[in-house]
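Student: Below you'll find the structure I mean.
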Amino acid sequence: MSISEPFLWVSVCAIFYAAAVMFWSRVAALRNSNGTTWFSAGHELPSWVGALLMAGAGVSGWFILGGTQEITKHGFSLPGILQAGVMLCLPGVLFFKRLWYVGQRLRVSSQAELFRVYYRSEFLVFATTFVALMFAVGFSGLQLRFVSEMLATLGGDIVSSQIIGFLIVLLLFGYVVIGGMRAIGFVGAVQAVLLLAAIVFIAGYALYVSGGIEALVKGLQAKAGDPASAVLFEVSGVLQFSAGLGRDNFYGHGGTAVMSLGLALAFMGFQTSPLAAKIVLSMKSADGIAASQTWLQAAFIGGLIVAGIVLIGAAGFVNSEWAITGLLSMMQLQSAWFAAWALIAVVAGIQLLAGLGLLVASENLVRVIYKPYFQGTLDRKATVLLTRICVGLLALIALLMQSLAPVTLSAFAGLALPLSIQLFTPLLGITWFRWITRPAAICGVGFGMAAVMLTEPFGYQVLSYVGLELPWGRWPWTVHSAAWGAFFNILSVLVISAITNRTAHREEAIDIQNFLVANFGLQTNSRVLKPIAWSAALAWLFFAIGPGLVFGNFAFGSNSETEAEGGIWVFGIPSMWAWSILFWMLGVVLVWLLAYRMEMANMTLIDVSAYEPKPRLRKNQSDKERERIRFSLGFVASVGSIIVLLAWSFG
Amino acid sequence: MRDDRKLLVFCIWSVLGFLGMGFILEGLSRDSYLVGLLGVCTIVAAFIGHIIVNYLNKQGFEPGETALGLGLFGLICLLFVVGWIVSETSQTDYYIAITLFAVLSIGMIAYLSSRYGMRQAFSRFHIKPTSDEGNEK
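In order, the protein sequences belong to chains H and P. According to this note's numbering, the first sequence holds residues 1 to 651 in order. According to this note's numbering, the second sequence holds residues 1 to 137 in order.
And the structure:
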């Protein structure tokens, strides 16, 4: 087979894909008709489109590229990855239904606007925007870089990875700018279906290459029999008091039960992010939320991860040539058309998340920050135009960072999910716990984000740059940065809510609280189930992703005795894998219980009238706006000078 | 609603259509009838999915879809005939192609006759000019 054949098939598939994307962005642009529905698709995205969008963006390219590599490198020592399907949907079950109704009531279309109206907090607005930027530039940018390099290598380096990256970003920019949120919805549905089908297909291929499940299990048994890799079949205890990656050694490895808990918390970060809120607030109704979270996310995506992603990763674990890149290379040699289709499907999955991230970050920058601060008179058309320009600039930054600053890109990517999960406390305050006060929500997010930064490479590299050496490395005590953040976040919220006035809410917040209490009270049978649901949720969290994971090391067989022929794995697969499958199934039941029986996500038929704020006179802000522009320019110049000075001083 | 239906149909064909085509190509290149048959079955599954979506939306195939389908069917026939003339075609390749054409043809007849009845199914192709059009001419 000549080298040009795979390249030819990739080109053919890419052209078809690009044509499909542009077709749907054109349809979206025609439906938008003018700028008014560009930001949120006129709040009329069908529920099934929203569900697919959420599923596709949640999985993105991370699981097929990063998740499989984690299993290839670390085996079954991080079972938090295996429960990602259930973890991805838990915040959805908890928040989405109420968030949609609150959005309808307040007539807002983004998480930042919601925080501004409910908490009157500009800090939360900026924090949300920062998270969106991390997703748009860092998280998606890193995936785009990885897939561009992969495409270039598999195409025989006929086209460089930079040009491939440019073409992918160009297409992305094109459809986001043309069709806005509606195009992201329409194209995203196709992208999500392609991505999920490709994962199923690649998993099947991994099984075929490794010679079937029996051969794969034999390979795993051989690994379990080797003392060097045997430790990778289990978690290394509940917690290790190590100074963290890059600073200290671990006993066995760093994959403790608490590390898995933190990793699982990070996965939840997508659904608390402004990207997920954007999807929810753009949907026509909330009637599909329970089904999408239970059956699509927990059952299907969860099954796909615990079976498909694990199969792909395990193949690479058994034989390093069968890692994801190797698998695709082999597929390309055997059938170039399938490899091309699978690669384009992975690109589609990454574009789905990147497109959504770009739109949300740009909307926040222009509509939520720039307009109210600097140019209140900006009309709708000009706002859309500025946002489109911003999309282009951010896409360009992501593209340039892929080549010029890969280390920073990687540091940003590592921040996106752990930072995003810190937004769960203000969301809890809006949707469930009215006792969370404004200062508590702000401090919680602030302390949570600071803890994340200080336990991730980004934070300690910045501090190291100015001469402050932290005594710990990444993820000290084998606790993931998301968990460190969540700990300080919750602690701050509890303490500050206790010492601040819990009744001092703004008018809008009080209206929302009354609206939720009036319409979402539990039915009698659900009230009976409440203690059962809480107990089940806590037990599941403890055993599936918490300290109880140590039981998974030996519950379904011993790993250390598998050297003997046949081994003693009860179900013929590693004990931790069987444990994860069991708790995935129980997780689906738990999600169903919460979503339907506890009425957390199922449809509630109520008529939502818009909140009418008291009429207020709008003051002329032009002087203040001019002053702010002057201040901002001065601030940017000062910060730039300080950075140059620091670089000059410290090298 | 119309966009919903189109999008669903598009999703179905972007996955099952391409997989079906891929398996047929795989069957032809590996000279394996079973793999080719898997491709034919996948294409049939895509058609079934399309018909279910049509049923849920209470409508039939759109004129554009019919034209695209018939056009692709003709193109595949042409490619097969040209391939047969130009290069050597194995017995398996021949069987795979015949299976595909047979299944698609029988499927189309079955669909039309079940949806419109035998007589009206024929009328879908044999469209007489209306009396008004005749008078105008």
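For glycine and all other residues, C-beta sits at the position ideal for the given N, C-alpha and C. Keep in mind it's a predicted model, so treat the numbers as computed, not measured.
Starting from A152 (chain H) and walking both ways along the alpha helix (DSSP H), at which residues does that stretch end?
Tutor: S140 to L154 is the span of the alpha helix (DSSP H), which, as asked, contains A152 (chain H).
Student: Going by the CB atoms, is the gap between I421 (chain H) and L281 (chain H) shorter than 7 Å?
Tutor: Contact: no.
Student: Residues of the stretch 306-338 of chain H in Cβ contact with chain P at a cutoff of 8 Å, in chain order, please.
Tutor: So the close ones are S335, W337 and F338.
Student: Does the distance from the C-beta atom of G316 (chain H) to that of A307 (chain H) stay below 7 Å?
Tutor: Not in contact: G316 (chain H) and A307 (chain H) (Cβ atoms no closer than 7 Å).
Student: How about L352 (chain H) and A57 (chain H): do their beta carbons lie closer than 7 Å?
Tutor: Cβ distance < 7 Å, so L352 (chain H) and A57 (chain H) count as in contact.
Student: Decide if Q271 (chain H) is buried, meaning its Cβ has at least 16 other Cβ atoms within 10 Å, or exposed.
Tutor: Looking at its Cβ environment, which holds 16 or more other Cβ atoms inside 10 Å, Q271 (chain H) is buried.
Student: Rank H:V391, H:W577 and H:M576 by C-alpha distance to the C-alpha of G179 (chain H) and give the top, closest one.
Tutor: The shortest C-alpha separation from G179 (chain H) is found at H:V391.
Student: At least one CB of chain P closer than 7 Å to the CB of W341 (chain H): is that the case?
Tutor: Yes, W341 (chain H) lies at the interface with chain P (some Cβ there is under 7 Å from its Cβ).
Student: Could you compute how far the alpha carbon of T325 (chain H) sits from the alpha carbon of L207 (chain H)?
Tutor: Computed Cα separation, rounded: 15 Å.
Student: What are the start and end residues of the alpha helix (DSSP H) that includes H50 (chain P)?
Tutor: Taken as a continuous stretch (DSSP letters only), the alpha helix (DSSP H) holding H50 (chain P) covers Y33 to L56.
Student: Short of 6 Å in beta carbon distance, which residues of its chain neighbour L645 (chain H), apart from the five on each side in sequence? Order them along the chain.
Tutor: Excluding positions up to five away in sequence, the list is empty.
Student: By alpha-carbon positions, which one of H:M259, H:L194, H:F433 and H:T68 ends up nearest to G548 (chain H)?
Tutor: Measuring from the Cα of G548 (chain H), the nearest candidate turns out to be H:M259.
Student: Note down, in chain order, every chain P residue with its Cβ under 8 Å from the Cβ of R31 (chain H).
Tutor: Within chain P, the residues near R31 (chain H) are D3.
Student: Given that a residue counts as buried once 16 or more other Cβ atoms are within 10 Å of its Cβ, and exposed if not, what is Y94 (chain P)?
Tutor: Result: exposed.
Student: By DSSP, does M283 (chain H) sit in helix, in strand, or in coil?
Tutor: The answer is strand: DSSP assigns M283 (chain H) an E or B state.
Student: Does E88 (chain P) have its Cβ less than 7 Å from a Cβ in chain H?
Tutor: Not closer than 7 Å to any Cβ of chain H, the Cβ of E88 (chain P) fails to qualify, so no.
Student: Using the beta-carbon count (16 or more within 10 Å), is F139 (chain H) buried or exposed?
Tutor: Flag for F139 (chain H) reads buried.
Student: Comparing C-alpha positions only, which one of H:M283, H:A382 and H:M54 sits nearest to P46 (chain H)?
Tutor: Comparing Cα positions, the closest option is H:M283.
Student: At least one CB of chain P closer than 7 Å to the CB of P46 (chain H): is that the case?
Tutor: So, interface residue.
Student: Could you tell me whether the Cβ of F250 (chain H) comes closer than 7 Å to any Cβ of chain P?
Tutor: Not closer than 7 Å to any Cβ of chain P, the Cβ of F250 (chain H) fails to qualify, so no.
Student: Near A183 (chain H), which residues of its chain fall below 6 Å by C-beta distance, leaving aside the five closest residues on each side in sequence?
Tutor: Counting only Cβ-Cβ distances below 6 Å, and skipping sequence neighbours, we find S25, A28 and Y175.
Student: 7 Å is my cut-off, CB to CB: does F186 (chain H) come that close to chain P?
Tutor: Yes, its Cβ sits closer than 7 Å to a Cβ of chain P.
Student: Hey, is V193 (chain H)'s beta-carbon within less than 7 Å of any beta-carbon in chain P?
Tutor: Answer yes: the Cβ-Cβ gap between V193 (chain H) and chain P drops below 7 Å somewhere.
Student: Within a Cβ cutoff of 6 Å, which residues of the same chain sit near G254 (chain H), ignoring the five residues on either side of it in sequence?
Tutor: These residues qualify, in order along the chain: T478.
Student: Given that a residue counts as buried once 16 or more other Cβ atoms are within 10 Å of its Cβ, and exposed if not, what is V517 (chain H)?
Tutor: By the neighbour-count rule (16 or more Cβ atoms within 10 Å), V517 (chain H) is not buried but exposed.
Student: Can the beta-carbon of W577 (chain H) be found closer than 7 Å to that of W337 (chain H)?
Tutor: Taking 7 Å as the Cβ cut-off, W577 (chain H) and W337 (chain H) do not qualify as a contacting pair.
Student: Would you verify that the beta carbon of I114 (chain P) is, or is not, closer than 7 Å to some beta carbon of chain H?
Tutor: The identity of residue 114 (chain P) in the sequence shown is Ser, whereas the question assumes Ile. With 7 Å as the cut-off, S114 (chain P) does not count as an interface residue toward chain H.
Student: Under a Cβ-count criterion, where at least 16 other Cβ atoms within 10 Å of its own Cβ denotes burial, should V82 (chain P) be classed as buried or exposed?
Tutor: Looking at its Cβ environment, which holds fewer than 16 other Cβ atoms inside 10 Å, V82 (chain P) is exposed.
Student: Would you identify the three-state DSSP class for R474 (chain H), choosing helix, strand or coil?
Tutor: Residue state, collapsed to three classes: strand.
Student: Going by alpha carbons, who is nearest to L328 (chain H) out of H:E149, H:G634 and H:T383?
Tutor: For L328 (chain H), the nearest C-alpha among the options comes from H:E149.
Student: Hey, which unbroken runs of the alpha helix (DSSP H) at 4 residues or more fall wholly within the stretch 559-598 of chain H?
Tutor: For the stretch 559-598 of chain H, whole alpha helix (DSSP H) runs of length 4 or above, ordered along the chain, are 575-592.
Student: Out of P:F47, P:T92 and P:G22, point me to the one whose CA is closest to I106 (chain P)'s CA.
Tutor: That would be P:F47, whose Cα lies nearest to the Cα of I106 (chain P).
Student: Under a Cβ-count criterion, where at least 16 other Cβ atoms within 10 Å of its own Cβ denotes burial, should L333 (chain H) be classed as buried or exposed?
Tutor: When all chains shown are included, L333 (chain H) counts as exposed.
Student: Check whether chain P comes within 7 Å of A197 (chain H), counting only Cβ atoms and requiring the distance to be less than that.
Tutor: So yes, A197 (chain H) belongs to the interface.
Student: Once the 5 residues before and after V49 (chain H) are set aside, which same chain residues still bring their CB inside 6 Å of it?
Tutor: G185 and A189.
Student: For a quick check, are the C-beta atoms of A298 (chain H) and V589 (chain H) less than 7 Å apart?
Tutor: Against a cut-off of 7 Å, the Cβ pair of V589 (chain H) and A298 (chain H) comes out as no contact.
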